[in-house]
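Take a look at the structure below.
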Amino acid sequence: MHTNPTSPLLQLSGMQVAYGGIKAVKGIDLELYRGELVSLIGANGAGKTTTLNAIAGSLKIAGGEILYEGDKVHVLPAHKRLRRGIALVPEGRGIFTRLTVEENLRMGAYTRNDKAVIEQDLERVYTMLPRVKERLAQVAGTLSGGEQQMVAIGRALLSRPKLLLLDEPSMGLAPLVVEKIFEVVQSVAKEGVTILLVEQNANLALEFSQRAYVMESGRITLTGTGTELLTNPKVRAAYLGEAA
Amino acid sequence: MEIFLQQIVNGLVVGSVYALVALGYTMVYGILGLINFAHGDLVMVGALTALQTMMFLMGVAPGMSPIAMLTLSLLVAVPVCMLLAFTMERLAYRPLRNAPRLAPLITAIGVSFLLQTLAMIIWGRNYHTFPQLISTTPIQPIEGVFITPIQITIIIVSALMMAGLVLLVTKTKLGRAMRATAENHRVAALMGVDTNMIIALTFVLGAALAAVAGVMFASNYGIAHYGMGFMPGLKAFTAAVLGGIGNLGGAMLGGIVLGLVESFGAGYIEQATFGFLNSSYQDIFAFIILGLVLIFKPTGLLGERVSDRA
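Structure (structure tokens):
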């Protein structure tokens, strides 16, 4: 490992993604440095989820580059990007509903062969998510939305990611549960995992993030620190529900 | 009573073969939502490849023991079928992965014709005598009930292979990845699973079961030819639908149930129709069952959620 600590862990330059002929992401630039928690906010359909899917490899890009640790990872299939340390907790959680909770978590460690360490990591996930531990043998489809989100995050952590992409972890969940999930996200960030968070709940996202990007119809229109954007009148008007 | 027990024995023997073949249909359906109609022809390729190997061995080593010969012929037939299934998936189905569902289905029928025609070119149109290397002299465990050593072998080998497959799918990391891929290809890939590899593996595993089924089937009847995979293939497909397609337990249950229904049907049809129909009509039962299942319980005995995938 001789990567320069000051160079970005992830760098999107001019990245475009298209569905059929229609461009959903129209050439965006974004940098993420090691240890940062950065969020990507914006309205429905702005291209946030598409951006995360493209970084993780679920979607092919139509132009530009995705540099990760200095390498062009956009040429790799999704399963190889995971091996490089990029994990995505997909929108809607992507739980394997017919597998048990434990099997779901172990899927996260699929590429790893260090059995003893996997067991330790599982234990750490259980301490972080005590609700999950009580339900290990249960088929994951029977869990509540919040529990499924916990499993999805725990599963992603079991791959020992360097870069964790979180797509709307608060979606459809009660405020108390959202609070719990953000506590987990924060503790993961404290451990040094770099996080790119997509959220519709901009208030929450900005409060937790060091920096943020604002996306509007496929373009990045604003960027700054979490506090800057929280106080930016345009952002307040557009995403924080305040009258302009 | 003897007749009743005899029908159970016969039913279990055919049913085991159906179950082995049905597993291949159901595994591929489970992971791709594709009915691989060429799967039945792997039964034929397995049997004819084994036959070819046996002829070769009889030529070069005439004194070889029957068990060694059978084992060696399986060691050729199984990998040949696995390789064939791998090629089939790679060349015929993978390019159509995102095509409308009808395209791979019709392709599967085309692949089936292709395999049968190729086999006809290689092995000719005639029926071949298949060496019965395991004895077909019946024994009577119960007075009046007959079972041959090859039939006993079929039941035991099938049971072992099915148990092995179930263990693989439910207990191993690979099996977990297969189930995860079956549920959601995209998310499985996000876990680091090479889903193309898992899909290829599913085809290859099904092919191994079909090859063994083919060799046992031919050994039991003493006959092999290029069209021999068609009927067992259709019956096994029926068994898979009966059990609930996509469900491993369902395929096994469906195979056994279908075997028993056929066997009892053949045994009693003459009495039931006052001599109007005889046991040569036994094939109608599978298709009556297929019709009834599709009308009254399209999800099959153990199946679930077929409607949103089919």
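In order, the protein sequence lines correspond to chains A and B. Under the numbering used here, think of the first position of the first sequence as 15, with each following residue one higher. Under the numbering used here, think of the first position of the second sequence as 929, with each following residue one higher. Here a beta-carbon is modelled for each residue, glycine too, at the ideal position from N, C-alpha and C. Given the structure is predicted, the values throughout are model-derived calculations rather than measurements.
Counted as a single uninterrupted DSSP element, the alpha helix (DSSP H) harbouring Lys94/A occupies residues 92-98. The C-beta distance from Tyr953/B to Phe1165/B rounds to 5 Å, short enough to meet the 8 Å contact threshold. Distance check between Gln200/A and each of Gln214/A, Glu83/A, Leu180/A, Met185/A places Leu180/A closest, using alpha-carbon atoms only. Interface with chain A (8 Å Cβ-Cβ cutoff): Gly1120/B is included. In this structure, Ala1194/B is the residue among Ala1194/B, Leu1012/B, Ala1138/B, Ala1200/B with its C-alpha nearest to the C-alpha of Ala1214/B. Close to Arg1022/B, with beta-carbon spacing below 9 Å, lies no residue of chain A; the smallest spacing is near 14 Å.
Judged by beta-carbon spacing, Leu1002/B lies beyond the 8 Å limit of Ala975/B, meaning their Cβ atoms are not closer than that value. When Cβ pairs closer than 8 Å are counted between the two stretches, the segment 123-134 of chain A is seen to touch the segment 169-179 of chain A, the count reaching three or more.
Its chain contains Val31, Asn67 as the residues whose beta carbon lies nearer than 6 Å to that of Leu73/A, once the 5 sequence neighbours on both sides are disregarded; these appear in chain order. By the beta-carbon neighbour count (other beta carbons within 10 angstroms, threshold 16), Phe932/B is exposed. Around the CB of Tyr1055/B, fewer than 16 other CB atoms lie within 10 Å, so the residue is classed as exposed. In this structure, Gly84/A lies near Ser21/A, with their beta-carbon atoms less than 8 Å apart. Any Cβ of chain A closer than 8 Å to the Cβ of Asn1112/B would place that residue at the interface, and such an atom is present. Counting along the chain, the unbroken alpha helix (DSSP H) around Pro1077/B starts and ends at 1077-1099. Under the three-state reduction of DSSP, Phe1202/B is assigned to coil, being neither helix nor strand. Distance from Ser1191/B to Gln935/B at the Cβ level is roughly 5 Å; contact confirmed, criterion being Cβ atoms closer than 8 Å. Closer than 8 Å at the C-beta level to chain A, one finds no residue of the segment 1014-1045 of chain B. Remark: C-beta atoms of Gln1060/B and Gly991/B do not approach each other more closely than 8 Å. Judged by DSSP in its simplified three-state form, Thr977/B adopts helix. Taking 8 Å as the threshold, the shortest C-beta distance from Ala1105/B to chain A falls below it. Unbroken alpha helix (DSSP H) runs of no fewer than 4 residues, entirely contained in the segment 171-214 of chain A, are found at 189-204, following chain order. A distance below 8 Å between beta-carbons, with the five flanking residues on each side excluded, links Val146/A to the following residues of its chain, in chain order: Val115, Leu119, Val139, Tyr140, Glu161, Met164, Val165, Gly168. With a contact defined as Cβ atoms closer than 8 Å, Met997/B and Met983/B miss out at about 10 Å. When CB distances to chain B are screened at a threshold of 7 Å, the residues of the segment 113-143 of chain A falling below it are Leu113, Glu117, Arg120, Met121, Gly122, Tyr124, Thr125, in chain order. In this structure, the CA atom of Ile963/B is about 32 Å from the CA atom of Thr64/A. A Cβ-Cβ distance of about 51 Å is found for the pair Glu1198/B and Phe110/A, leaving them out of contact under the 8 Å criterion. Interface residue (Cβ-Cβ distance to chain A less than 8 Å): Ala1117/B is classified as such. Under the DSSP assignment, Gln25/A falls outside any alpha helix (DSSP H), being part of the beta strand (DSSP E) whose first and last residues are 24-33.
Residues of chain B with a Cβ closer than 7 Å to the Cβ of His88/A do not exist, since the nearest Cβ in that chain sits about 15 Å away. Per the coordinates, the alpha-carbon of Glu213/A lies some 15 Å from the alpha-carbon of Val191/A.
Remark: fewer than three beta-carbon pairs, one from each stretch, lie closer than 8 Å, so the segment 1006-1019 of chain B and the segment 1165-1177 of chain B are not flagged as touching. Where Asp43/A is concerned, the enclosing beta strand (DSSP E) starts and stops at 36-46. Identification of chain A residues near Ala1108/B by a Cβ-Cβ cut-off of 7 Å yields Phe110, Leu113, Met121, ordered along the chain. Counting along the chain, no alpha helix (DSSP H) covers Tyr1154/B, and no H or E run does either. Under the three-state reduction of DSSP, Gly160/A is assigned to helix. When Leu1096/B, Asp1211/B, Asn938/B are compared, the shortest CA-CA separation from Ile1075/B is found for Asn938/B.
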